[in-house]
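Chains as they are written, first to last, in the numbering used here: chain A, 617 to 919; chain B, 617 to 919. Beta carbons: idealized from backbone N, C-alpha and C, even for Gly.
Protein chains: 2
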Amino acid sequence: MSLSLNQRTTKRWSVAEAVEGCVRHGLEAVGLWREEVAEQGLAESVKLVRDAGLRVSSLCRGGFLTTPADPGPGTSDTSGQASGGTARRAALDDNRRAIDEAAELGAACLVMVVGGLPGVRPGEPLPADSDGAGRSFSRDLAGAREQVAEALEVLAPYAGERGVKLALEPLHPMYCADRAVLSTLAQAVDLCLPYPEEQVGVVVDTFHVWWDPRLFEEIARAGGRIASYQVCDYLQPLPADVLLGRGMMGDGVIDFPPITRAVAAAGYTGDVEVEIFNADVWAADPNEIVATMKHRYAQVVSA
Amino acid sequence: MSLSLNQRTTKRWSVAEAVEGCVRHGLEAVGLWREEVAEQGLAESVKLVRDAGLRVSSLCRGGFLTTPADPGPGTSDTSGQASGGTARRAALDDNRRAIDEAAELGAACLVMVVGGLPGVRPGEPLPADSDGAGRSFSRDLAGAREQVAEALEVLAPYAGERGVKLALEPLHPMYCADRAVLSTLAQAVDLCLPYPEEQVGVVVDTFHVWWDPRLFEEIARAGGRIASYQVCDYLQPLPADVLLGRGMMGDGVIDFPPITRAVAAAGYTGDVEVEIFNADVWAADPNEIVATMKHRYAQVVSA
Chain A
617 MSLSLNQRTT KRWSVAEAVE GCVRHGLEAV GLWREEVAEQ GLAESVKLVR
667 DAGLRVSSLC RGGFLTTPAD PGPGTSDTSG QASGGTARRA ALDDNRRAID
717 EAAELGAACL VMVVGGLPGV RPGEPLPADS DGAGRSFSRD LAGAREQVAE
767 ALEVLAPYAG ERGVKLALEP LHPMYCADRA VLSTLAQAVD LCLPYPEEQV
817 GVVVDTFHVW WDPRLFEEIA RAGGRIASYQ VCDYLQPLPA DVLLGRGMMG
867 DGVIDFPPIT RAVAAAGYTG DVEVEIFNAD VWAADPNEIV ATMKHRYAQV
917 VSA
Chain B
617 MSLSLNQRTT KRWSVAEAVE GCVRHGLEAV GLWREEVAEQ GLAESVKLVR
667 DAGLRVSSLC RGGFLTTPAD PGPGTSDTSG QASGGTARRA ALDDNRRAID
717 EAAELGAACL VMVVGGLPGV RPGEPLPADS DGAGRSFSRD LAGAREQVAE
767 ALEVLAPYAG ERGVKLALEP LHPMYCADRA VLSTLAQAVD LCLPYPEEQV
817 GVVVDTFHVW WDPRLFEEIA RAGGRIASYQ VCDYLQPLPA DVLLGRGMMG
867 DGVIDFPPIT RAVAAAGYTG DVEVEIFNAD VWAADPNEIV ATMKHRYAQV
917 VSA
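Below, the structure is given as structure tokens:
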């Protein structure tokens with residue numbers, strides 16, 4: 617296993633700067649984000665990573681597959697949010713584009729954050745059950761999970777044809793309502809199994825799964841399905857915006873070596889991405905963050 | 617099943633006021649907290665609930681069984697926090713007192729919040745790995761879980777002799793570090809099974825378990841082990857202090873009727889406690905809160 621910089625850790629860096637930073641710090645791989653790739657330009661991003669000789673350990677991210685039902689006849693959606701069948705088609709189309717981009721970049725996987733309850737927007741207050749604009753949200757968690765499974769039936773073959781592996785990421789249960797109804801590694805592994813291993817795998821992200829009483833059994837069961845191993849710490853207490861509770865390894869409560877050993881024992885030989893969403897990390901000099909990340913990885917994470 | 621007021625929902629009310637409030641609003645049961653019972657006086661609290669003809673649906677709470685290891689020789693603990701063997705003995709003694717109080721009150725169960733990682737205090741920043749006062753914290757999650765199982769071996773027979781049922785409460789995984797290393801219903805049920813059903817059961821609290829992909833299977837497996845059913849909603853987004861993310865039923869993302877039906881189908885016939893930690897609820901008139909709670913219970917929670 618070798619260390620990779622997920623570019624969201626150095627949020628201020630463009631793709632070009634992140635690639636340059638990886639080379640300067642002797643890293644062999646980088647995890648990219650679609651937004652930054654779009655800003656840099658896809659073709660230019662491909663050229664940058666190839667010229668630098670870097671592996672693309674992942675592209676973040678596809679997903680958000682859970683869409684509200686069609687509004688009834690006669691309602692009009694003035695909110696700008698696509699609804700029902702339209703929203704579903706738009707979500708699938710966007711994921712096909714993400715798969716195409718991952719293929720272009722030669723990314724080891726496309727990370728999939730599957731989406732929360734239909735109509736609940738990440739980090740935002742709940743919409744009123746009906747706000748007069750045809751928008752609402754659904755509390756049907758089982759139905760949302762079913763939508764994810766159905767979307768996978770469409771997307772997995774599409775990814776397979778392009779040599780892209782979808783990496784289903786279970787998110788911490790505190791994000792179940794607004795970001796991912798995929799909440800445990802067990803659930804992610806179950807979703808994978810109907811598909812060939814090269815088409816659908818799972819992400820093991822320490823922040824999301826460290827608490828799971830079944831973690832070690834499920835890592836073993838995942839085996840060759842582990843498509844990405846991401847590390848960062850779980851801060852205590854969480855900051856006001858819980859999305860930013862991801863900390864530098866060693867600053868929180870996670871005991872990394874047993875998890876790293878388990879992932880290795882399951883057969884994972886890919887890159888280990890450090891992905892930190894954290895206001896202090898984002899405010900610091902990205903070069904110092906990468907230096908700290910390398911030091912902490914050696915000190916705290918490797919088995 | 618019948619509605620019960622957990623007195624923490626009406627935080628400003630003493631035991632006497634909560635008892636009076638329950639009677640005024642036609643409720644048959646109340647869930648009490650040890651702190652408020654101590655302020656009222658145990659004997660006086662017993663007399664108040666008996667005279668009012670109320671059931672005590674639970675006493676909150678025992679637990680916090682995960683204690684730091686003994687400091688090495690030559691270290692002195694000037695922090696006022698007991699350590700190691702001393703801390704373990706103090707925790708067990710406190711739980712025996714809680715069991716005695718539950719017996720006096722005739723509580724249907726003693727709710728157990730088992731504690732987080734040893735040395736991590738609820739809601740507080742992590743102590744330095746060594747702060748010069750002999751304090752530190754542990755990242756050994758498996759070890760903490762083992763401590764809970766060991767403490768139960770001591771406490772379950774003690775509770776059994778006094779006719780008290782311990783109700784193990786799995787807490788939402790976001791509280792794993794600082795409040796409860798018991799994170800799923802499956803884990804709680806597994807911990808119960810070695811003991812007689814009248815000694816150890818589980819709490820199903822909608823806030824803590826709503827996201828669990830195995831929820832319905834585990835409620836069915838719990839069966840007669842369900843010692844308490846607590847309801848409140850899960851707010852989105854969470855407030856800055858995640859402890860206060862519990863909302864009035866209907867204000868969040870939880871679909872209650874399927875959970876209520878599953879708990880009933882598992883054989884639970886006890887009281888349904890509404891337990892809300894929420895700054896707005898605490899700021900409101902407690903009488904209005906109880907009225908709203910009754911209305912929402914009928915509208916949103918019952919199956």
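Item: Under 9 Å (Cβ pairs) to chain A, residues found in the region 836-858 of chain B; Value: Tyr850, Leu851, Gln852, Pro853, Leu854, Pro855, Ala856, Asp857 and Val858
Item: Cross-strand partners of leucine 784 of chain A (DSSP beta bridge); Value: A/Met728 and A/Val818
Item: Same chain only: Cβ atoms within 6 Å of serine 673 of chain A, ignoring 5 sequence neighbours per side; Value: Ser620, Ala645, Gly647, Ala724, Asp887 and Glu889
Item: Chain B contacts from the region 785-801 of chain A (Cβ-Cβ distance under 7 Å); Value: His788, Pro789, Met790, Cys792, Ala793, Asp794, Ser799 and Thr800
Item: Nearest-angstrom Cα separation, counted from valine 819 of chain B out to proline 873 of chain B; Value: 17 Å
Item: Chain A contact for valine 730 of chain B (CB, 8 Å cutoff); Value: no
Item: Proximity test, Cβ basis, 8 Å: isoleucine 905 of chain B and chain A; Value: no
Item: Residues near cysteine 792 of chain A in its chain [Cβ-Cβ closer than 7 Å; skip 5 each side]; Value: Gly732 and Ser799
Item: CB of aspartate 867 of chain B within 8 Å of CB of aspartate 871 of chain A, strictly; Value: no
Item: Exposure label - glycine 839 of chain A; buried when at least 16 CB within 10 Å; Value: exposed
Item: Proximity below 8 Å, CB of glutamine 580 of chain B to CB of valine 736 of chain A; Value: Limits of chain B in this structure are 617 at one end and 919 at the other, which puts residue 580 of chain B out of reach.
Item: Local conformation of valine 890 of chain B per DSSP, three classes; Value: strand
Item: For serine 661 of chain A, three-class secondary structure by DSSP; Value: helix
Item: Cβ-based neighbour list, threonine 626 of chain B, same chain, cut-off 8 Å, excluding 5 preceding and 5 following; Value: Glu633, Ala634, Gly637, Pro902, Ile905 and Val906
Item: Minimum Cβ-Cβ distance from isoleucine 870 of chain B to chain A less than 8 Å; Value: yes
Item: Per-residue DSSP class, three states only, for glycine 679 of chain B; Value: strand
Item: Arginine 920 of chain A and glycine 817 of chain A closer than 8 Å at C-beta; Value: Any question about residue 920 of chain A goes unanswered here, given that chain A covers just 617 to 919.
Item: Closer than 8 Å to chain A by CB, glycine 863 of chain B; Value: no
Item: Partner residues on chain B for proline 684 of chain A, Cβ-Cβ distance less than 7 Å; Value: Here the premise fails: no neighbours, minimum Cβ distance about 14 Å.
Item: Collapsed DSSP secondary structure at valine 897 of chain A in the structure displayed; Value: helix
Item: Span of the alpha helix (DSSP H), counted from its first residue to its last, around glycine 776 of chain A; Value: 757-777
Item: Contacts that glycine 739 of chain B makes with chain A (C-beta to C-beta distance below 7 Å); Value: Pro853
Item: Segment contact flag, the region 773-786 of chain B with the region 808-817 of chain B, C-beta cutoff 8 Å, min 3 pairs; Value: yes
Item: Contained beta strand (DSSP E) runs [length at least 3] in the region 839-895 of chain B, N- to C-terminal order; Value: 842-847 and 887-890
Item: Chain A within 8 Å of proline 810 of chain B, Cβ atoms only; Value: no
Item: For asparagine 622 of chain A, the residue or residues it bridges with in DSSP; Value: A/Gly647
Item: Inter-residue Cα distance where the pair is alanine 802 of chain A and proline 829 of chain B; Value: 9 Å
Item: Cβ-based burial, aspartate 857 of chain A [other Cβ within 10 Å; buried from 16]; Value: exposed
Item: Where proline 773 of chain B meets chain A, residues with beta-carbon distance less than 8 Å; Value: Going along chain A, no residue has its Cβ under 8 Å from proline 773 of chain B, so there is no contact; the nearest lies around 25 Å.
Item: Cβ neighbours of asparagine 711 of chain B in the same chain (closer than 6 Å, five flanking residues each side left out); Value: Gly678 and Leu771
Item: Backbone CA spacing between histidine 641 of chain A and threonine 908 of chain A [nearest angstrom]; Value: 11 Å
Item: Whole-angstrom distance between arginine 713 of chain B and glutamate 660 of chain B, CA atom to CA atom; Value: 17 Å
Item: CB contact check: glutamine 803 of chain B to chain A, cutoff 8 Å; Value: yes
Item: When A/Val662, A/Lys781, A/Thr876 and A/Thr885 are compared against isoleucine 715 of chain A, the one with the closest alpha-carbon; Value: A/Lys781
Item: Assigned exposure category for alanine 709 of chain B - 16 Cβ within 10 Å defines buried; Value: Strictly speaking, residue 709 of chain B in this sequence is aspartate, with alanine absent from that position. Classification for aspartate 709 of chain B: exposed.
Item: Neighbourhood of serine 844 of chain A by C-beta distance below 6 Å, restricted to the same chain and skipping five residues each side; Value: Ser674, Cys725, Ala783 and Val819
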